[in-house]
Structures are given as C-alpha cells and as structure tokens.
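Each residue of the sequence shown is one higher than the one before, counting from 31 in my numbering.
All C-beta atoms, glycine included, are put in the ideal place defined by N, C-alpha and C.
Below: one structure, written as structure tokens.
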Amino acid sequence: MMMIMIRLILLLLFIGVGTVSTLATDEVAVRRHTIVTTTGMVRDLVAHVAGEQATVTAVIGEGVDPHLYKPTRSDVAALLAADVVFYSGLMLEGKMADTLVKVARRGKPVYAVAELVDQGYLLQVEGVSGEYDPHLWMDVGGWMKALDAVVQALSDFDPEHARRYAANGERYRTVLGALDTYVRQVIDSIPKQQRVLVTAHDAFHYFGRAYGIEVRGIQGISTESEAGLQDINRLVDYIVARNVPAVFVETSVADKNVRALVDGARARSAAVMIGGALFSDAMGTTGTYEGTYVGMIDHNATTIARALGGQTPPRGMQGLLGDHDQAR
Ligand code: ZN
31 MMMIMIRLIL
41 LLLFIGVGTV
51 STLATDEVAV
61 RRHTIVTTTG
71 MVRDLVAHVA
81 GEQATVTAVI
91 GEGVDPHLYK
101 PTRSDVAALL
111 AADVVFYSGL
121 MLEGKMADTL
131 VKVARRGKPV
141 YAVAELVDQG
151 YLLQVEGVSG
161 EYDPHLWMDV
171 GGWMKALDAV
181 VQALSDFDPE
191 HARRYAANGE
201 RYRTVLGALD
211 TYVRQVIDSI
221 PKQQRVLVTA
231 HDAFHYFGRA
241 YGIEVRGIQG
251 ISTESEAGLQ
261 DINRLVDYIV
271 ARNVPAVFVE
281 TSVADKNVRA
291 LVDGARARSA
301 AVMIGGALFS
311 DAMGTTGTYE
321 GTYVGMIDHN
331 ATTIARALGG
341 QTPPRGMQGL
351 LGDHDQAR
C-alpha cells in the first residue's frame with residue numbers, strides 16, 4: 031500500500047513537472063508578433079514571410095471590396111493593438127486612410143507593400159498624374175516585388191530573425207515562380223485575336239501587361255465611381271467589333287454592369303457569355319485553395335484561358351481548383 035502511495039505521489043510529481051516544463055516551452059513559443067493586415071492577399075503574403083514568428087490576421091474579409099471598405103470599431107482596435115501593420119496601399123483602401131495614418135502616428139510600424147515597390151514598375155492611372163494603379167498582385171512578378179519588400183520590412187522590424195525571413199521569402203519565391211510560368215502558359219494558349227479580358231472594373235492592367243492580354247473594365251481603377259450607360263455602350267461596341275467570346279464578373283463587385291453589358295451585346299447578336307467569376311480585389315473562401323493567393327491567381331488564369339478558347343488542365347496548375355463557375 032505504501033509503495034502504491036509513493037508511486038502515485040511520484041507519478042503526480044512527474045505529471046506536475048511535465049506540465050510545468052510544457053508551459054515553459056509554450057511560453058517561449060508564444061512570444062510571436064501580432065501582425066494585422068487589410069486585405070487577404072497581403073495577409074497571405076506576410077504570413078508566408080513571417081512563418082512561425084507571427085500571427086497574421088486580415089480585417090477585410092473574403093468577397094469584400096477594399097475600395098469601399100470602412101473599418102469597424104473592432105478593426106481599429108485590432109490595428110492599434112498589433113505590433114506591425116501591413117496594408118496594400120496606393121489608395122486601394124481609400125476609406126481606411128485616416129485610420130492607417132492614426133495607427134502610424136502612434137509610432138507603430140505601418141507598411142504599404144505596393145508603395146515599397148520601385149516606382150518604375152508601377153502603372154500610372156490614365157489621365158491622373160501622380161496616381162498609381164494599386165492592383166499589382168494580379169501580376170505574379172509584381173507580387174514577387176512586394177514579397178521582397180515584406181522580407182525587408184520584417185527584417186527591419188525584427189533583425190534577430192532576418193535570416194529566417196529571407197529563407198521563408200526564398201521558399202515562397204519558388205512557388206510564385208511556378209505560378210507565373212503557369213499563368214503565362216495558359217494565357218499564351220488563347221488564340222491571339224481572342225486575348226481580350228473584359229471585367230467589372232479596372233483591376234487587371236498589371237495582369238494584361240505581364241501576360242499579354244488586352245484589358246477593358248466597365249468601372250475604373252476604383253469601384254467608387256459608378257459606371258454610366260455610356261461606359262457600357264462603349265464596351266458593347268467593343269465586344270461586338272472584336273467578337274469577344276466571354277466577359278467576366280468579379281467576386282467582390284456587384285455583377286449588374288456585366289449583365290447589362292452581356293444583354294446589350296446579345297441584343298446586337300453577339301454570342302458573348304459570362305466566362306466565370308474572377309477574384310479581383312479579394313480572395314476566395316478561407317480554408318479553400320481559392321482562399322490563398324496562389325489559388326486565387328490559378329483560378330483566375332484558368333477561368334480566363336478556358337472561357338476565351340485556351341487550353342487548361344481540368345483543375346488548374348496543381349489539380350487543386352474546386353468546381354468552377356461554368357460559363358453561362
Ligand atoms: Zn480594384
């Protein structure tokens with residue numbers, strides 16, 4: 031009986047010590063940075079670089095338009111409580127500007143990834159001097175530049191782990207390199223005269239420049255200004271003249287303009303379809319492949335190429351795409 035008691039006490043002690051030691055290691059592990067971003071794309075990018083060193087969350091949810099997004103009270107609290115803030119920049123998050131300035135004024139490191147990229151790469155907004163197109167994630171090459179900027183920013187903030195950030199960045203660069211090659215291949219497979227991308231708003235100029243496809247948006251660079259009947263009629267003329275086989279809706283923008291466009295073109299006997307829904311300014315559902323940057327771009331390139339007569343693998347670059355919006 032005594033022996034059993036002693037053993038029990040020893041066992042309890044052992045469990046106790048075990049628990050204490052687990053807590054101690056956990057405590058070391060949980061000293062992670064808290065990073066808050068605006069869009070999901072920026073969250074995805076920063077999380078790849080930060081790896082184990084940080085918890086990264088985004089305030090703008092899936093399917094939400096960042097041009098129109100107004101931060102809630104809890105978003106502001108999260109931004110103020112973060113160790114570091116990353117946003118996309120170039121006025122993409124136009125209605126968050128005041129909040130981001132306020133956060134930066136508190137002395138917190140706040141980085142705009144698109145504004146850290148060399149200006150020579152950036153596209154100017156047509157007719158507006160000094161204003162740049164914010165949608166650079168659409169070109170995987172542009173996003174690699176943003177990747178370098180994030181590696182640099184995190185290394186400045188936390189020099190102790192600079193080598194780790196550089197290694198994480200290199201690893202992700204390889205993944206992005208493969209994605210860039212895939213996008214180029216499928217877009218190249220579209221017959222030349224059909225390489226025309228008509229979408230709800232002007233989010234695809236970087237994509238067009240990088241992969242050689244002509245781009246037209248119904249609304250401008252920002253979704254803030256409404257499209258007029260004139261904009262739609264102008265595009266109907268273009269679709270009819272160019273014999274465009276498909277146009278595309280965007281998951282973060284209402285589809286009424288694209289539908290009006292299709293109706294207008296069909297009224298003039300054009301055989302145009304809606305080729306699918308593209309992820310322009312927001313990624314897909316969290317936890318799915320399309321909810322990652324790679325999945326988002328794979329989905330876009332595959333959907334565009336397929337609807338415009340190109341050749342694509344059935345489920346995209348790595349066979350991971352879910353059921354597509356079928357052309358209709
Ligand atoms: Zn946009």
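Through-space distance from residue j to residue i, alpha-carbon basis
i: ASN263; j: VAL288; result: 12 Å
i: GLN83; j: LYS222; result: 46 Å
i: GLY81; j: GLY258; result: 45 Å
i: PHE309; j: GLU200; result: 26 Å
i: GLN249; j: HIS191; result: 43 Å
i: MET121; j: ILE243; result: 25 Å
i: TYR319; j: VAL170; result: 17 Å
i: TYR195; j: GLY70; result: 20 Å
i: VAL266; j: GLY247; result: 12 Å
i: SER219; j: GLY340; result: 5 Å
i: TRP173; j: ARG298; result: 40 Å
i: VAL228; j: LEU109; result: 36 Å
i: TYR323; j: THR67; result: 14 Å
Same chain, Cβ closer than 6 Å to residue i, five either side skipped, listed in chain order
i: THR52; result: Annotation note: pLDDT 40 at THR52 (below 50); position unreliable, coordinate value reported separately. Closer than 6 Å at the Cβ level, and outside the excluded window around THR52, lies no residue.
i: VAL79; result: VAL180, VAL181, LEU184, TYR195, ASN198 and GLY199
i: MET347; result: TYR212 and ASP328
Helix, strand or coil at residue i according to DSSP, with G and I counted as helix
i: VAL266; result: helix
i: ARG246; result: strand
i: GLU190; result: helix
i: GLU145; result: helix
i: THR102; result: coil
i: GLU254; result: coil
i: GLU280; result: strand
i: HIS235; result: helix
i: GLY339; result: coil
i: VAL79; result: helix
i: GLN154; result: strand
i: VAL170; result: helix
i: VAL9; result: Only positions 31 to 358 of the chain appear in this structure, which leaves residue 9 out of reach.
i: VAL131; result: helix
Same chain, Cβ closer than 7 Å to residue i, neighbours up to 5 away in sequence not counted
i: ALA300; result: ILE269 and VAL270
i: VAL140; result: VAL115, LEU130, VAL133 and ALA134
i: ARG336; result: THR342
i: ARG345; result: LEU351
i: MET326; result: PHE309, MET313, GLY314 and GLU320
i: VAL106; result: THR129
Residues of its chain near residue i, where Cβ-Cβ distance is below 8 Å and the 5 sequence neighbours each way are ignored
i: VAL292; result: VAL277, VAL302, MET303 and ILE304
i: ARG296; result: VAL302
Cross-strand partners of residue i (DSSP beta bridge)
i: PHE309; result: In the DSSP output, where bridge partners are listed per residue, PHE309 has none listed.
i: GLY303; result: At residue 303 the sequence reads Met, which differs from the Gly that was named. Per DSSP, ALA276.
i: ILE65; result: VAL86 and VAL114
> Can you list, in chain order, the stretches of the alpha helix (DSSP H) that have 4 or more residues and sit fully within the segment 199-231?
Replying inline: none
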